[in-house]
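The opening position of the sequence shown corresponds to residue 403 in this note's numbering, with each subsequent residue numbered one higher.
Note that beta-carbon positions come from the ideal geometry of N, C-alpha and C, so glycine has one too.
As the structure is a prediction and not an experimental result, all values here were calculated from the model.
Let me begin by presenting the structure, written as structure tokens, before commenting on it.
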Amino acid sequence: MKIIIMTIILSLFAVGCAPQIQPSFEDSNQRFIEKTISKLDIGKELEDKINTTDRIALLSIESPDFLHKPIIAMIEDQVIASLIKKGYTLVERDAEAIQKMIREGKERYLLTFNTPSENINYDKLTGDALDPGINFIHTHLISADIAIFYRILEIGII
403 MKIIIMTIIL SLFAVGCAPQ IQPSFEDSNQ RFIEKTISKL DIGKELEDKI NTTDRIALLS
463 IESPDFLHKP IIAMIEDQVI ASLIKKGYTL VERDAEAIQK MIREGKERYL LTFNTPSENI
523 NYDKLTGDAL DPGINFIHTH LISADIAIFY RILEIGII
């Protein structure tokens with residue numbers, strides 16, 4: 403009995419110490435997703451449905467989850483590359499990018515937000531300190547003619 407237990411323990415120890423071989427980039431999940439999305443050729447699918455003169459915004463319906471951002475970015479990159487390859491013009495609608503581009507361009511796009519009370523410092527600002535109502539700031543962004551909304555239901559890759 404002791405021999406069997408020792409054999410099992412040594413076997414588990416030997417297997418646990420075995421080096422784990424990482425797949426090459428060509429065999430990785432990332433490359434698989436990129437190839438699959440590029441095979442869809444979204445630009446070709448939209449060729450007769452949307453004019454190349456229309457400005458397109460690619461928007462996710464889901465709120466961005468921190469863990470899913472890399473996968474969403476990878477899929478968006480492939481779709482955007484396909485649309486640009488077919489001659490379409492895309493406009494940026496990423497919330498972080500818009501915050502950074504707020505002072506650029508012409509006054510055609512508006513951003514809404516609530517204003518803080520007059521007696522509150524910005525470093526102590528909380529959600530309940532905001533006055534109700536909507537204020538408009540000119541962001542100088544050009545609006546999109548077409549919005550393409552998407553949702554990733556399940557990807558099943560870890």
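Short Cβ contact (8 Å threshold) for residue 477 with residue 554:
yes
Run through DSSP, which three-state label would residue 546 get?
coil
Does the pairing of the segment 455 to 472 with the segment 488 to 495 give three or more beta-carbon distances under 8 Å?
yes
Residues bridged to residue 492 by DSSP?
458
Would you mind reading off the limits of the alpha helix (DSSP H) that contains residue 434?
431 to 442
Beta-carbon separation of residue 461 and residue 550 under 8 Å?
yes
According to DSSP, residue 551 sits in a beta bridge with which residue or residues?
461
Just curious, the alpha helix (DSSP H) that residue 478 is in, first and last residue?
471 to 487
CA nearest to the CA of residue 442, picked from 415, 546, 432 and 483:
483
Which of helix, strand or coil does DSSP assign to residue 414?
helix
Just verifying my parser: in three-state terms, what is the DSSP assignment at residue 449?
coil
Among residues of its own chain, excluding the 5 on either side of residue 427, which ones have a beta-carbon nearer than 8 Å to its beta-carbon?
433
Quick one: grab the DSSP three-state call for residue 423.
coil
Can you tell which of 485, 404 and 435 has the C-alpha that lies nearest to the C-alpha of residue 450?
485
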